[in-house]
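Report on one structure; see the data block that follows.
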Amino acid sequence: MESLFVQQVVNGIIIGSIYSLIAIGLTMIFGVMKICNFAHGDYSMVGAYAAVFVMAWLPGWFGWIGSIVAAAAAVGILGVITERLVFRPLLTRRTDIDIIMVSIGLFIVLENLSQLVFGATPRMLQDPFGSATVNLGLFSTSILRLFCLAFSCIAMGFLHLFLNRTQTGIAIRATSQNRNAALLMGIDISHVYTLTFALGAGIAGIAGVLYGTLFAVFPTMGALPTLKAFVVTILGGMGNLRGAVFGGFILGVAETLGGSYISMQYKNSIGFVIIILVLLIRPNGLFGRREGT
Amino acid sequence: MLSIENIKVSYGKAMAIDGVSLKVEEGELVTLLGSNGAGKSTLLKTISGILKPHTGTIRFDDQDLHTMPPHQIVRLGIIQVPEGREVFPELSVLENLKMGAFTRKDSGVGKDLDFVFELFPRLKERRRQWAGTLSGGEAQMLAIARGILSAPKLFMLDEPSLGLAPVIRNDIFKVIRQIHQERGITILLVEQNAKLALGMSSRGYILENGKVGLEGKGADLINNEYVKKAYLGY
Amino acid sequence: MLKRFLSLLLVGAMVVAVAGPAAAAPKTIKIGILGPFTGSLAFNAGEMKKGMLLALDEINTGGGLFGKEIELIFGDSECKPDKGLSAVKKLLTRNKVLVVGGGYCSSVNIATSDICNMEKCPVVVAIAISPTITNRGLKYVFRTSPNSPMFLNGINLWLEKVKKPKTVAFFMENSDYGRDGEEIWSGIAKKIGAKELAHLYFEIGDTDFTTQISKLKNLKPDVTFNIASTTEASLIQKQAKELNFLTQWIGVGGQFTEAYFKMSGSICEYAMGSSLEPTLNMKDPETAAFVNAYQKKYPGARPGIFSSQGYDNLMVIFDAVKRAGKPTGNLSKDRNKIRDALTTTDIKLTQGRVTFGKDGQVYTVFPSPVQVQLKDCKPGLHVIYPPEKAAAKYQNPKPWAQRKCK
Numbered sequence: 009m010e011s012l013f014v015q016q017v018v019n020g021i022i023i024g025s026i027y028s029l030i031a032i033g034l035t036m037i038f039g040v041m042k043i044c045n046f047a048h049g050d051y052s053m054v055g056a057y058a059a060v061f062v063m064a065w066l067p068g069w070f071g072w073i074g075s076i077v078a079a080a081a082a083v084g085i086l087g088v089i090t091e092r093l094v095f096r097p098l099l100t101r102r103t104d105i106d107i108i109m110v111s112i113g114l115f116i117v118l119e120n121l122s123q124l125v126f127g128a129t130p131r132m133l134q135d136p137f138g139s140a141t142v143n144l145g146l147f148s149t150s151i152l153r154l155f156c157l158a159f160s161c162i163a164m165g166f167l168h169l170f171l172n173r174t175q176t177g178i179a180i181r182a183t184s185q186n187r188n189a190a191l192l193m194g195i196d197i198s199h200v201y202t203l204t205f206a207l208g209a210g211i212a213g214i215a216g217v218l219y220g221t222l223f224a225v226f227p228t229m230g231a232l233p234t235l236k237a238f239v240v241t242i243l244g245g246m247g248n249l250r251g252a253v254f255g256g257f258i259l260g261v262a263e264t265l266g267g268s269y270i271s272m273q274y275k276n277s278i279g280f281v282i283i284i285l286v287l288l289i290r291p292n293g294l295f296g297r298r299e300g301t
Numbered sequence: 303m304l305s306i307e308n309i310k311v312s313y314g315k316a317m318a319i320d321g322v323s324l325k326v327e328e329g330e331l332v333t334l335l336g337s338n339g340a341g342k343s344t345l346l347k348t349i350s351g352i353l354k355p356h357t358g359t360i361r362f363d364d365q366d367l368h369t370m371p372p373h374q375i376v377r378l379g380i381i382q383v384p385e386g387r388e389v390f391p392e393l394s395v396l397e398n399l400k401m402g403a404f405t406r407k408d409s410g411v412g413k414d415l416d417f418v419f420e421l422f423p424r425l426k427e428r429r430r431q432w433a434g435t436l437s438g439g440e441a442q443m444l445a446i447a448r449g450i451l452s453a454p455k456l457f458m459l460d461e462p463s464l465g466l467a468p469v470i471r472n473d474i475f476k477v478i479r480q481i482h483q484e485r486g487i488t489i490l491l492v493e494q495n496a497k498l499a500l501g502m503s504s505r506g507y508i509l510e511n512g513k514v515g516l517e518g519k520g521a522d523l524i525n526n527e528y529v530k531k532a533y534l535g536y
Numbered sequence: 356m357l358k359r360f361l362s363l364l365l366v367g368a369m370v371v372a373v374a375g376p377a378a379a380a381p382k383t384i385k386i387g388i389l390g391p392f393t394g395s396l397a398f399n400a401g402e403m404k405k406g407m408l409l410a411l412d413e414i415n416t417g418g419g420l421f422g423k424e425i426e427l428i429f430g431d432s433e434c435k436p437d438k439g440l441s442a443v444k445k446l447l448t449r450n451k452v453l454v455v456g457g458g459y460c461s462s463v464n465i466a467t468s469d470i471c472n473m474e475k476c477p478v479v480v481a482i483a484i485s486p487t488i489t490n491r492g493l494k495y496v497f498r499t500s501p502n503s504p505m506f507l508n509g510i511n512l513w514l515e516k517v518k519k520p521k522t523v524a525f526f527m528e529n530s531d532y533g534r535d536g537e538e539i540w541s542g543i544a545k546k547i548g549a550k551e552l553a554h555l556y557f558e559i560g561d562t563d564f565t566t567q568i569s570k571l572k573n574l575k576p577d578v579t580f581n582i583a584s585t586t587e588a589s590l591i592q593k594q595a596k597e598l599n600f601l602t603q604w605i606g607v608g609g610q611f612t613e614a615y616f617k618m619s620g621s622i623c624e625y626a627m628g629s630s631l632e633p634t635l636n637m638k639d640p641e642t643a644a645f646v647n648a649y650q651k652k653y654p655g656a657r658p659g660i661f662s663s664q665g666y667d668n669l670m671v672i673f674d675a676v677k678r679a680g681k682p683t684g685n686l687s688k689d690r691n692k693i694r695d696a697l698t699t700t701d702i703k704l705t706q707g708r709v710t711f712g713k714d715g716q717v718y719t720v721f722p723s724p725v726q727v728q729l730k731d732c733k734p735g736l737h738v739i740y741p742p743e744k745a746a747a748k749y750q751n752p753k754p755w756a757q758r759k760c761k
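Chains as they are written, first to last, in the working numbering: chain A, 9 to 301; chain B, 303 to 536; chain C, 356 to 761.
Structural data, given as structure tokens:
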């Protein structure tokens, strides 16, 4: 029984780290631009396909690292393109509903486009560790999973440093907290928007490579991560980065423990139950700002 | 220095500023008075470029402001401390100040930081704290300090004493006078507290329903019967 | 200006695409095909479509039927009942198809076959296996695939006579497909006195199964019944390895597609299911001809169960349309004629002889239990029961640490 508990917590932490990594870009974009982007998970899908192509001609570790770089770059650019062509024109004459509808449209377009271009056949990304596993008595897992956990944490660490230690990073946070005041500081908001989208989408692209290596790459792979990322974002507080990080881990562990000890059938609903509970007690999410500040 | 010619600004169909002309000369401290909804904040937002006038011109030295995006206007040295402080709640006090110096590349930032910490020792104590945890008075200090770090040539303050206790209000006014006199910064002050503001101003404007109702020297306005009745409460 | 022009152009293009060419008297014989052509099962539906296009080629290059070309109109169900319903309604009322074929995902087909029956349009289901589809006494509903009890018949005999597991667990796709299989196997478990340790489920499109597999690992079942499609089944195998979980996996067999073997490689060793894989039946001339024609049309591809089920499904429909006689142009009359022709179907195809029972179900196609075994670390399917049909001996799953292939 004890070993099952440890195993489930480990499973939850690992999957949670990926949830966090995807949610962090979503929440950043929401924080800065107030855009709920339902196509966010598709950035991961595109990142994973970028990796499929890089690994096709560059196998092994080089291919894998190259994939990460290529996915971040390609999806970052895709993020900027969608921001400029799809979301930017709506920002001034928008209602939130318009933006949500447009992002759902974008989600459908990207998913179907990728099926058209890449085909529906699921692909695998090569595991750089040759699918080696570790059995530690209390739990078993693959080296790849541990690596993904470490990699997500490091990526989030770098993002944290960037947002806290660089002038540009602080400007992104400032813009997300108070857009008008940011304008009065001489921050070029349009530049911040572009950068935020590039960064948020780029991270989702990297998460897509991890997700694709752990699972598989297929056109509809973005839907589930989008859903999870929204749960995480609402849980942690919309636009709150720390909330997204902790929210991801909380959701991951809650799902595995709830699935294991309460009901497997409701594993995917557990996130929503948690959201309802959290929102009853803290209407702005676990880490959300209180009204008025 | 700043000259506004007959601008009109509206929110949708509602006209907020209906033909205002106004001048601020270098080295002046000019007060803008007016009741709620008279268009004072709208005017400052328009100068900062957040709102755009549909007619009229705004010139600063020899630059047209009314076609410029806000971030470039800041780079000219036109700095606004907005109504309601508008500090970044989840940035530390120090990070807020750094954002004030966002456009600056000169070496004077460190010196200015020392200057504002001297001006507001409380901010120095709390420099690592989130700005959202500050009291109203401290947040106002931070907003002003953040503005000073932007190295203003024209410093616009929107109701800096709003909602503050009298003691703190006096401190704030002292600091405004100090930066005006010691640093020679030109100031455009929007205030409800007419007596304090006009008392230290070179000139004043009174906005009413989006138009300039009265203008004149500070001392003259204090003694104006209409001003006395409407704004000074005699 | 350019932007406005481009967006107008785009809108124009969409309007044209939606409106399509103006309606005219039918110059072709229209057959509707349902399937999840997008979504997480798009790959499998694609296999079915490939088999169907091969059948279509064969008919149309031979001049079609009654001098008319056959036209297939594909309706996308995305494996969602609501999408399937709107797709089938469009086929029936707008495209005015004579008969509906294809069909994958039991939950969708239970709903769509009902509509077809109400509209008095014959529907021939190709792949979905839930018994419900054909046991409601619907006159216009047929199925060319064995239903789930038939599908599992061979493997159930093997469980009873050979494997005799003491403990079993269930890990099912949460759908009619998964639940029907669960019911059947639960019955078998009771019959042979095996203890049912757990009934776990997952949703179509899930990717992380570690929670469920960790729980299974803790329970150590001899046999784990797992109804899943290609992607999910392959990820489950992979994650079982990561979690060091050893069991005898038994599925229906629909997961054994080309993509499944590519995705899981040697990891799927020992997995079992029931199959109608055409490549297992090369001694049969019809099946061998199909495999050869398929590989000629799609170089490098290996025809799987769905390709041959798609092929057979359409061939049965062609046969019925042909026997029903030249279409009169009166839609309801033509549909009825085809329906009547379907009841007297008797044709030998890649999966065996097809005749329909009174309920419209084919009872003459028998899948065999198969196991994945490795040869040079490459996975392949082998019939293991009954002895007279077996091509290989059953192998007990070896612990992960003792397996040599990576």
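From the three backbone atoms N, C-alpha and C, an ideal C-beta is built for every residue, glycine too.
In this text, all values refer to a predicted model and were calculated from it rather than measured experimentally.
Would you kindly check if the distance between the Cβ of B/Ala453 and the Cβ of B/Arg424 is under 8 Å? One-based indexing of the second sequence puts residue 424 of chain B at position 122. One-based indexing of the second sequence puts residue 453 of chain B at position 151. Not a contact, by the Cβ cut-off of 8 Å.
At the 8 Å Cβ level, is C/Ser569 part of the contact set with chain A, yes or no? Counting from one through the third sequence, the residue named residue 569 of chain C turns up at place 214. Flagged as an interface residue toward chain A: C/Ser569, by a C-beta distance shorter than 8 Å.
Rounded to whole angstroms, what's the CA-CA distance from C/Thr448 to C/Ala442? Just pull it up for me. Locating residue 448 of chain C in the third sequence gives position 93, counting from the first residue. Locating residue 442 of chain C in the third sequence gives position 87, counting from the first residue. Answer to the nearest angstrom: the Cα atoms are 10 Å apart.
Candidates A/Ala206, A/Leu34, A/Gly293: which alpha carbon is nearest A/Gly244's? As a working mapping, residue 244 of chain A is identified with position 236 in the first sequence. Closest option to A/Gly244, Cα to Cα, is A/Gly293.
Can you check whether the C-beta of A/Glu5 is within less than 8 Å of a C-beta belonging to chain C? There is no way to answer for residue 5 of chain A, as the model of chain A reaches only from 9 to 301.
Are the region 455–465 of chain B and the region 382–389 of chain B touching by the rule of at least three beta carbon pairs closer than 8 Å? Flag = yes, the region 455–465 of chain B and the region 382–389 of chain B touch.
Quick check on C/Gln664: buried or exposed, where buried means 16 or more other Cβ atoms within 10 Å of its Cβ? Locating residue 664 of chain C in the third sequence gives position 309, where the first residue counts as 1. Here C/Gln664 is buried. Its C-beta has 16 or more other C-beta atoms within 10 Å.
Quick one: which chain C residues come within Cβ less than 7 Å of A/Pro136? The residue labelled residue 136 of chain A in the question sits at position 128 within the first sequence. Near A/Pro136 there are no residues of chain C at all, since even the closest Cβ is about 13 Å away, more than 7 Å.
Nearest candidate by alpha-carbon position, reference B/Leu396, set A/Ile178, A/Ala224, A/Lys42: For this step, residue 396 of chain B is matched to residue 94 along the second sequence. Per the C-alpha coordinates, the member of A/Ile178, A/Ala224, A/Lys42 positioned closest to B/Leu396 is A/Ile178.
CB contact flag (A/Ala206, A/Gly87, <8 Å): For the purposes of this step, residue 206 of chain A is identified with residue 198 of the first sequence, where counting begins at 1. For the purposes of this step, residue 87 of chain A is identified with residue 79 of the first sequence, where counting begins at 1. Yes, these two residues count as a Cβ contact at 8 Å.
B/Ser305, DSSP secondary structure in three states: The count along the second sequence starts at 1 and reaches residue 305 of chain B at position 3. B/Ser305 falls in the strand class under three-state DSSP.
Label C/Pro501 either buried or exposed according to how many other C-beta atoms from any shown protein chain fall within 10 Å of its C-beta, with 16 as the threshold for buried. If you number the third sequence from 1, residue 501 of chain C lands on position 146. Around the CB of C/Pro501, 16 or more other CB atoms lie within 10 Å, so the residue is classed as buried.
Determine whether the Cβ of A/Leu191 lies closer than 8 Å to any Cβ atom of chain E. As a matter of chain content, chain E is missing from the structure shown, whose protein chains are A, B and C.
With DSSP collapsed to three states, give me the class of C/Val720. Position 365 of the third sequence, counted from the first residue, corresponds to residue 720 of chain C. Correct three-state label for C/Val720: coil.
Helix or strand or just coil, what does DSSP make of A/Val200? For the purposes of this step, residue 200 of chain A is identified with residue 192 of the first sequence, where counting begins at 1. It is helical.
Which class does B/His482 belong to by DSSP, given the choice of helix, strand or coil? As a working note, residue 482 of chain B is residue 180 in the second sequence. Per DSSP, reduced to three states, the secondary structure at B/His482 is helical.
Rounded to whole angstroms, how far is the Cβ of B/Val411 from the Cβ of B/Leu451, which I believe are closer than 8 Å? Counted from its first residue, the second sequence places residue 411 of chain B at position 109. Counted from its first residue, the second sequence places residue 451 of chain B at position 149. The C-beta separation of B/Val411 from B/Leu451 comes to about 7 Å, placing the pair in contact by the 8 Å criterion.
Under a three-way DSSP split, which group does B/Asp320 fall into? If you number the second sequence from 1, residue 320 of chain B lands on position 18. The DSSP-derived three-state label of B/Asp320 is strand.
What is the DSSP secondary structure of C/Ala377, counted as helix, strand or coil? For this step, residue 377 of chain C is matched to residue 22 along the third sequence. Annotation note: pLDDT 40 at C/Ala377 (below 50); position unreliable, coordinate value reported separately. In the three-state reduction of the DSSP assignment, C/Ala377 falls in the coil class, being assigned neither a helical nor a strand state.
May I ask which residues mark the beginning and end of the alpha helix (DSSP H) holding B/His373? If you number the second sequence from 1, residue 373 of chain B lands on position 71. Per DSSP, the continuous alpha helix (DSSP H) segment holding B/His373 begins and ends at 372–377.
To the nearest angstrom, report how far apart C/Ala626 and C/Gly542 are at their CA atoms. Here residue 626 of chain C corresponds to residue number 271 of the third sequence, with the count starting at 1. Here residue 542 of chain C corresponds to residue number 187 of the third sequence, with the count starting at 1. Distance between the alpha carbons of C/Ala626 and C/Gly542 is about 21 Å.
Please list the terminal residues of the continuous beta strand (DSSP E) segment that includes B/Ile508. Mapped onto the second sequence, residue 508 of chain B falls at position 206. Going by DSSP, B/Ile508 is part of the beta strand (DSSP E) stretching over 505–510.
C-alpha distance - C/Tyr615 paired with B/Pro372, whole-angstrom precision: Translated into the one-based positions of the third sequence, residue 615 of chain C becomes position 260. Translated into the one-based positions of the second sequence, residue 372 of chain B becomes position 70. Spanning the alpha carbons of C/Tyr615 and B/Pro372 requires a straight line of approximately 57 Å.
In terms of residue numbering, what span does the alpha helix (DSSP H) encompassing C/Ser432 cover? Taking the third sequence and counting its residues from 1, the one referred to as residue 432 of chain C is at position 77. No alpha helix (DSSP H) holds C/Ser432; DSSP gives it neither H nor E.
Can A/Ala64 and A/Ala79 be called in contact, C-beta distance under 8 Å? Counted from its first residue, the first sequence places residue 64 of chain A at position 56. Counted from its first residue, the first sequence places residue 79 of chain A at position 71. Against a cut-off of 8 Å, the Cβ pair of A/Ala79 and A/Ala64 comes out as no contact.
Give me the DSSP bridge partner(s) of B/Gln382. On the second sequence, position 80 is the one that residue 382 of chain B refers to. B/Gln382 is bridged to B/Met458.
Beta strand (DSSP E) segment containing C/Asn573, residue limits: For this step, residue 573 of chain C is matched to residue 218 along the third sequence. According to the DSSP assignment, C/Asn573 belongs to no beta strand (DSSP E) but to the alpha helix (DSSP H) extending over 565–574.
Using a Cβ cut-off of 8 Å (strictly closer), state whether A/Ile23 contacts chain C. Numbered from its first residue, the first sequence carries residue 23 of chain A at position 15. When Cβ-Cβ separations below 8 Å define contact, A/Ile23 makes contact with chain C.
Taking 8 Å as the CB-CB limit, is B/Met443 close to chain A? Locating residue 443 of chain B in the second sequence gives position 141, counting from the first residue. It does not; no Cβ of chain A falls within 8 Å.
Flag A/Asn45 as yes if its beta-carbon sits less than 8 Å from any beta-carbon of chain C, otherwise no. Sequence index remark: in the first sequence, residue 45 of chain A carries index 37 (1-based). Not flagged as an interface residue toward chain C: A/Asn45, since no C-beta distance is shorter than 8 Å.
Give the secondary structure of C/His554 by DSSP, where H, G and I count as helix, E and B as strand, and everything else as coil. Here residue 554 of chain C refers to the residue found at position 199 when the third sequence is read from its first residue. Assignment of C/His554 by DSSP, reduced to helix, strand and coil, places it in the strand class.
Write down the C-beta distance between A/Tyr201 and A/Glu91 rounded to the nearest angstrom, noting that I regard them as a contact closer than 8 Å. As a first step, residue 201 of chain A must be located in the first sequence, where it is residue number 193. As a first step, residue 91 of chain A must be located in the first sequence, where it is residue number 83. Their Cβ separation, rounded to whole angstroms, is 6 Å, which keeps A/Tyr201 and A/Glu91 in contact under 8 Å.
Start and end of the alpha helix (DSSP H) containing C/Met505? Position 150 of the third sequence holds residue 505 of chain C. Where C/Met505 is concerned, the enclosing alpha helix (DSSP H) stretches over 503–513.
Note down, in chain order, all residues in the region 179–211 of chain A with a beta-carbon under 7 Å from any beta-carbon belonging to chain B. Using a CB distance below 7 Å, the part of the region 179–211 of chain A facing chain B consists of Ala179, Arg181, Ala182, Gln185, Asn186, Asn188, Ala189, Leu191, Leu192, Met193, Gly194, Ile195, Asp196, ordered along the chain.
Three-state secondary structure assigned by DSSP to B/Arg394: Taking the second sequence and counting its residues from 1, the one referred to as residue 394 of chain B is at position 92. Before going further, note that residue 394 of chain B is Ser rather than Arg in the sequence given. The DSSP-derived three-state label of B/Ser394 is strand.
So is A/Arg250 in contact with chain C if we call contact Cβ pairs under 8 Å? Here residue 250 of chain A is taken as the residue at index 242 of the first sequence, counted from 1. Taking Cβ atoms only, chain C never reaches closer than 8 Å to A/Arg250, which makes this a no.
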